[in-house]
Each structure stands twice: as C-alpha cells, then as structure tokens.
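Asks: For the sequence shown, the numbering used here gives the first residue as 3, with consecutive numbering after it.
Built from N, CA and C at the ideal position, the CB exists for glycine as well.
For reference, the structure I am asking about is given below.
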Amino acid sequence: MIYITRREQFNAAHRLYRDDFSDEQNRKVFGKCSNPNWHGHNYTLFVTVRGHVNPETGFLVNLKDLSRIIQEQVVEYIDHKNLNVEVPFMKGRLASTENLAKAIWEQLETPVKTLGAELHCVKIYETENNIVDYFGE
Ligand code: NI
C-alpha cells in the first residue's frame, strides 16, 4: 500500500455562529470567527489517497487527474466564496473547518475511486496553527 498527497489552496469567507445563540454566546463560543460581517481564511487542502503502484506507469494515480478531480469537485465550489451562503455542499452545516473537511471527503470519495485509488485523508490548514484531519470515520 502506498500513499500520495496533492496540495491545493483556496480562499474563502465564513462565519461561525448559531442562530439560536445570542451575539454574546456566539462571541464566547466562536470568538473572532463569529464576526457578523464575515472574514476570510487562506486555506490549504491536502488530499491523500492510497492504493497500489501501477507497474506500467510507476504511479499510484496520475497527480494531474487527482488535481483535476479536486478542482472540479471542491475548489471550483469554494474558492473566493462564502462557505455559509453559496456553497451547495456546505448548506445546513456550521462552517467550521471540521465540517468543511467532512463535506470535502463526501465530494471526493467516489470520484477518487474512478482513479483506482481510495481516499485516505482530507487535511485542511485553516491557518498555519489550526489544522484538521479527517479519515472518513
Ligand atoms: Ni474563521
């Protein structure tokens, strides 16, 4: 079994809040990320897939194909967008990095199989210091 990772970057706006919380509760729980006027992050996404090396090519997957799938299924929907209001696969979800990682997993799991690999990990750097890993369970 071998693992390979593709890095992609995107910028997006969000706000962490709950309608059923007061402004004060939202500030207390979500801090700066609850700013009512939105704010943005420069996110870095790492998508790791696993499988076996194709003896003909020496590749697990062609990284150009993996990159295209990530672009088509994820980046085109979220880059320079507001995660709370205009991203179909984030609808109804609190726009945390944890929930974003789970949603990205759902977007990629099936398409990655078409490359003959399995999705292994979705890792997102919201900032250099705040990092989420999701392994699908
Ligand atoms: Ni934030």
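#1: Just to confirm, are Phe-48 and Arg-9 a CB contact at a threshold of 9 Å?
#2: State the Cα-Cα distance for the pair Thr-59 and Phe-137, rounded to the nearest angstrom.
#3: Within its chain, find whatever has a CB closer than 6 Å to the CB of Tyr-127; leave out the 5 residues flanking it on each side and keep chain order.
#4: Looking at C-beta atoms only, is the number of pairs between the region 28–39 and the region 62–79 that lie closer than 8 Å three or more?
#5: Would you please verify whether the beta carbon of Glu-58 is less than 9 Å from any beta carbon of chain C?
#6: CA-CA distance, Ala-103 and Asp-135?
#7: What residue from Leu-117, Cys-123, Arg-52 has the CA that sits closest to Lys-66's CA?
#8: Would you grab the beta carbon distance between Ile-71 and Leu-121 for me? Rounded to a whole angstrom, and I think it's under 8 Å.
#9: What number of angstroms, rounded off, separates the C-alpha of Trp-107 from the C-alpha of Pro-113?
#10: Less than 8 Å between the CB of Leu-102 and some heavy atom of the ligand NI, yes or no?
#11: Which residues share a DSSP beta bridge with Lys-149?
#12: Considering only C-alpha positions, which residue in the set Phe-12, Arg-52, Thr-7, Ile-6 is nearest to His-82?
#13: With a threshold of 8 Å (Cβ to nearest heavy atom), would Lys-34 be considered close to the ligand NI?
Replies: With the given structure in hand:
#1: Reading the sequence shown from its first residue, position 46 is the one you call residue 48. Reading the sequence shown from its first residue, position 7 is the one you call residue 9. Contact: yes.
#2: For the purposes of this step, residue 59 is taken as the residue at position 57 of the sequence shown. For the purposes of this step, residue 137 is taken as the residue at position 135 of the sequence shown. If I take the Cα positions, the gap works out to 27 Å.
#3: Here residue 127 is taken as the residue at index 125 of the sequence shown, counted from 1. Excluding its 5 nearest sequence neighbours in each direction, Tyr-127 has C-beta neighbours in its own chain below 6 Å: Thr-46, Ile-133, listed in chain order.
#4: Under the three-pair Cβ rule at 8 Å, the region 28–39 does not count as touching the region 62–79.
#5: In summary, chain C is missing from the structure at hand, where a single protein chain is found.
#6: In the sequence shown, residue 103 corresponds to position 101, counting from 1. In the sequence shown, residue 135 corresponds to position 133, counting from 1. Taking the straight line from one Cα to the other gives about 7 Å.
#7: Position 64 of the sequence shown, counted from the start, is the residue given in the question as residue 66. Residue Leu-117 is the option with its Cα nearest to Lys-66.
#8: What you label residue 71 is simply residue 69 of the sequence shown in a count that begins at 1. What you label residue 121 is simply residue 119 of the sequence shown in a count that begins at 1. So it is not a contact: roughly 10 Å between Cβ atoms.
#9: For the purposes of this step, residue 107 is identified with residue 105 of the sequence shown, where counting begins at 1. For the purposes of this step, residue 113 is identified with residue 111 of the sequence shown, where counting begins at 1. About 10 Å.
#10: For the purposes of this step, residue 102 is identified with residue 100 of the sequence shown, where counting begins at 1. No, Cβ of Leu-102 sits at least 8 Å from all heavy atoms of the ligand NI.
#11: The question about residue 149 has no answer, for the chain in this structure spans 3 to 139.
#12: Taking the sequence shown and counting its residues from 1, one reaches residue 82 at position 80. Ranked by Cα distance from His-82, the options Phe-12, Arg-52, Thr-7, Ile-6 are led by Phe-12.
#13: Taking the first residue of the sequence shown as position 1, residue 34 is located at position 32. Under cutoff, so the answer is yes.
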